[in-house]
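> Residue numbers (my numbering): 3 to 312.
For every residue, glycine included, the Cβ atom is placed at its ideal position computed from N, Cα and C.
My structure is below; once you've seen it, I'll send some questions.
In structure tokens, the structure reads:
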């Protein structure tokens, strides 16, 4: 790819002629779309789906169609802070005030402080956090960073049902959004779990996972190379000891909600009936991120046959 001008420190790639041709092929296969869905089919978005499907046009189009159908049913952009505030109280997932050296948003994840037994509630909160991170991407950027803090993590925190749902949503509806993920101080017992789960992740996703240990200078260097450690939380070896504050975080999220909802005001909602390109069994809006999901109070943490890491 040939770079164009630098925006906010980024060199945004320009699609090659071959890549642009594939984008146009996808557009033709998609056909006309309602305005609300067209905004999710920019050239950058189509490229993410093409990359996720190794540039196979028909597979990328099918994947994108499924996401459009999901967005109409699930309405992720309409989830507001008041709906999910209870899930957020412990700071199990939140957008950090720190960004990486490229200005990309950082999602902090702390699985040890899970405070809900509802799989649907957990996934809906995850979707809210993903939408918020996407909303805060700098101009020219498509990806974010995940930081997973394993402090206090135990076998009781392993929930493969939630993990499967998480992997499904992230891989199918947010492809190529992950720049890299840092697993910070994972316990020894996590290693065999990772070996079992790893095959269920796509190869490109697996390669973006970085293990960092606070007592290992070699892996600590990963942090220094990617972050301003003066602004990084002390929990990750940085010098910011302010920690998670639910009140301050709540205000940030409410402000972001206002901005997003204002932008949506003049855009007509899309309905399943208006989408001739999508094959759906019925027009009932689903409250699940995954059509086959059923909400359960999750207190089972025993290993199952399939799964993947958060």
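Which runs of the alpha helix (DSSP H) at least 4 residues long sit entirely within the stretch 105 to 169? Give them in chain order.
121 to 137
> Excluding the 5 residues preceding and the 5 following residue 255 in the sequence, name in chain order all residues of the same chain whose CB lies nearer than 7 angstroms to its CB.
83, 134
> Does the structure place the stretch 166 to 186 close enough to the stretch 131 to 151 that three or more beta carbon pairs sit under 8 angstroms?
yes
> When DSSP builds the beta bridges, which residues end up paired with residue 29?
Looking at the DSSP output, residue 29 shares a beta bridge with no other residue.
> Excluding the 5 residues flanking residue 288 on each side, which residues of the same chain have their C-beta closer than 7 angstroms to its C-beta?
Low confidence applies here, because residue 288 scores a pLDDT of 42, under 50, leaving its location unreliable; read the following figure in that light. Excluding residues within five positions, the ones whose Cβ falls inside 7 angstroms are 75, 76.
> Find the nearest neighbour of residue 217 within the set 90, 209, 187, 228, judged by alpha-carbon distance.
187
> Starting from the C-beta of residue 213, find all residues in its chain whose C-beta is less than 6 angstroms away, skip the five residues before and the five after it, and write them out in chain order.
185
> Run through DSSP, which three-state label would residue 192 get?
Three-state DSSP puts residue 192 in a helix.
> Report the three-state DSSP secondary structure of residue 286 (helix, strand or coil).
Caution applies to residue 286, whose pLDDT of 38 falls short of 50 and renders its modelled position unreliable; the model cannot decide the point.
> Alpha carbon to alpha carbon, how far is residue 147 from residue 239? Give it in angstroms, no decimals.
17 angstroms
> Between the Cα of residue 68 and those of 177, 101, 21, 18, spot the shortest distance and give me the residue it belongs to.
When 177, 101, 21, 18 are compared, the shortest CA-CA separation from residue 68 is found for 177.
> Could you check how far apart the C-beta atoms of residue 95 and residue 151 are, in whole angstroms? I think they sit under 8 angstroms.
Incorrect: roughly 11 angstroms between the Cβ atoms, too far for contact.
> Is residue 181 close to the ligand FAD? I mean its beta-carbon at under 7 angstroms from any heavy atom of the ligand.
Inclusion of the ligand FAD in the displayed structure is not the case, the ligand content being empty and no account of it being possible.
> In whole angstroms, what separates the C-alpha of residue 139 from that of residue 119?
30 angstroms
> For the beta strand (DSSP E) holding residue 99, just list the boundary residues, first then last.
That run of the beta strand (DSSP E) goes 95 to 101.
> Can you check which of these residues, 80, 36, 62, is closest to residue 260 by C-alpha distance?
The shortest C-alpha separation from residue 260 is found at 80.
> Indicate whether residue 230 and residue 24 have their beta-carbon atoms separated by less than 8 angstroms.
no
> Quick one: what does DSSP say residue 46 is sitting in, helix, strand or coil?
DSSP places residue 46 in helix when its eight states are reduced to three.
> I'd like the list of long-range same chain contacts for residue 54, defined as Cβ closer than 6 angstroms, with 5 residues on each side in sequence excluded.
Counting only Cβ-Cβ distances below 6 angstroms, and skipping sequence neighbours, we find 177, 178.
> In the DSSP output, which residue or residues are listed as bridge partners for residue 235?
242
> According to DSSP, is residue 51 helix, strand or coil?
helix
> By DSSP, does residue 35 sit in helix, in strand, or in coil?
coil
> Closest to residue 156 by C-alpha separation, out of 28, 183, 116, 181, would be which residue?
116
> Buried or exposed, going by whether 16 or more other CB atoms sit within 10 Å of the CB of residue 18?
Exposed, since its Cβ has fewer than 16 Cβ neighbours within 10 Å.
> Can you tell me the Cα-Cα spacing of residue 36 and residue 190, whole angstroms?
In this structure, the alpha-carbon of residue 36 lies about 50 angstroms from that of residue 190.
> Of the choices 183, 167, 100, whose alpha-carbon is the least far from that of residue 236?
The shortest Cα separation from residue 236 among 183, 167, 100 belongs to 100.
> Give the DSSP bridge partners of residue 76, in chain order.
Bridge partners of residue 76: none, in fact.
> Given residue 31, which residues of its chain have a CB within under 6 angstroms of its CB, disregarding the five upstream and five downstream residues?
63
> Take residue 123 as the anchor and find which of 93, 164, 113 has the nearest alpha-carbon.
Residue 123 has its Cα closest to that of 164, out of 93, 164, 113.
> Decide if residue 20 is buried, meaning its Cβ has at least 16 other Cβ atoms within 10 Å, or exposed.
exposed
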